[in-house]
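Residues 1336 to 1658 in the working numbering are what the sequence shown spells out, letter by letter. Working notes for the structure below.
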Amino acid sequence: MTVPLPWQESLWRQIVVRRHAMPHAVLLSGPQGIGKQRFARQLVAGLLCHAPQDGHPCGECRPCHLHASGNHPDFLAVAPEKRSIVVDQIRELIEFTVLTRHFEGLKLVLISPAEALNRHAANSLLKVLEEPPAECIFILVSHAAGRLPATLRSRCQQFQLMVPATEMALVWMREQGCAEAEALPALEIAEGSPIRALEMLENDRVAQYQELLKDILGLIKGQGDPILVAREWQAIGGEWVVRWMLAAIARLGRHLLAGRRNEELELVPAMQKIGEALDLARMLTLYQLCLDTRRLQAAAITLNEPLLLEGLAIAWAEAGKLR
Ligand SMILES: [Zn+2]
């Protein structure tokens, strides 16, 4: 048996050794697309199983069969109805916790994503966790744990799941059938999260990102008209363009700061060239501009997106001239 994902090995061991003294409430937090759900589901399955091995479900016992078919009576999954997890769902949860258990062992509640709890629901859940029902474990999963009320967080034992090292992520992505040349740029725009990176590939986002990098490189070199380039960026969508620029500059910045020695920060060729053409100060200026643009995009005012994108394209071209 292996852990759900290779980079979760040590955390898995940390949590599983506590199987017989599990905290009442566990909060699994960390960025999107690194496998928190898989981890949580495997943890639940292992805790429900009557003959687990290293915390993993045996897949053979009756609780395992029931859980696999989605019918385990001592397990409740709580997910948003529409956008939020609402207080009625917490009322159902409370009813579930007071019911008699069907099996010897634990009752488990999985709440994901926990940041979807609205205020009333969070308050109501907090009351439950202040006097936790016996033999019941709550597992909360969140990629925005900071948005949970501090009082609720303080009732949970928090475990942070991390973005894997690039090399490990690349190996895993290749095992999933991802082509070598595509894996790295996908990982770049997914900010290191491998599962998210695969989604980006499926949605053709990676090809668009690579085009964007080529466009930027062209602008820096004084090739290409910023106005025309900005028009092409509109087809990608302003939000993606700005997000990727931010991700690319952040990655380049880290690369520069690491003195280009850190192999963890291997770069795709176009990025490498952009990095060679610009110094850190110019990158920071561009980064700031992207942040300002994103702020304008987020403010729900009527937006002249073509103009914003033109502004960005011109800024890249100008940065190239300053060499
Ligand atoms: Zn089992």
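Using N, Cα and C, we set each Cβ at its ideal position, and we do this for glycine too.
Residue i and residue j closer than 8 Å at C-beta
| i | j | result |
| --- | --- | --- |
| A1605 | K1549 | yes |
| V1476 | L1363 | yes |
| H1402 | A1380 | yes |
| A1525 | G1368 | yes |
| L1613 | T1628 | no |
| L1624 | A1652 | no |
| L1522 | A1504 | yes |
| M1618 | L1642 | no |
| A1593 | L1621 | no |
| R1373 | L1340 | yes |
Element boundaries [alpha helix (DSSP H), containing residue i]
| i | result |
| --- | --- |
| Q1607 | 1604-1612 |
| S1345 | 1344-1351 |
| L1401 | 1397-1403 |
| V1577 | 1573-1592 |
| G1553 | 1540-1555 |
| S1459 | 1454-1465 |
| E1534 | 1529-1537 |
Local conformation of residue i per DSSP, three classes
| i | result |
| --- | --- |
| C1471 | strand |
| V1476 | strand |
| A1634 | coil |
| I1420 | strand |
| H1385 | coil |
| L1483 | coil |
| L1519 | helix |
| E1599 | Summary for E1599: the model assigns pLDDT 49, below 50, so the residue's position carries little reliability; its value from the coordinates is reported in the next sentence. Helix at E1599. |
| L1626 | helix |
| T1620 | helix |
N- and C-terminal bounds of the beta strand (DSSP E) containing residue i
| i | result |
| --- | --- |
| I1446 | 1442-1446 |
| A1412 | 1410-1413 |
For residue i, the residue or residues it bridges with in DSSP
| i | result |
| --- | --- |
| L1362 | L1475, Q1493 |
| H1391 | Q1388 |
beta-carbon residue i near ligand 2 non-hydrogen atom, thresh 7 Å
| i | result |
| --- | --- |
| A1386 | This structure lacks ligand 2; its bound ligands are ligand 1. |
(request) Determine, using beta-carbon pairs with one atom in the region 1575-1594 and one in the region 1607-1615, whether at least three such pairs fall under 8 Å. (result) yes
(message) Using a Cβ distance threshold of 8 Å, determine whether the region 1488-1496 contacts the region 1452-1459, with at least three qualifying pairs required.
(response) no
(request) Decide if the region 1417-1428 is in contact with the region 1390-1408; the criterion is three or more beta carbon pairs, one per stretch, under 8 Å apart. (result) no
(request) Flag this pair as touching only if the region 1461-1474 and the region 1336-1349 have three or more C-beta atom pairs under 8 Å; answer yes or no. (result) no
(request) Could you tell me whether the region 1503-1518 touches the region 1477-1487, where touching means 3 or more Cβ pairs closer than 8 Å? (result) By the C-beta criterion, the region 1503-1518 is judged not to be in contact with the region 1477-1487, since fewer than 3 inter-stretch pairs fall below 8 Å.
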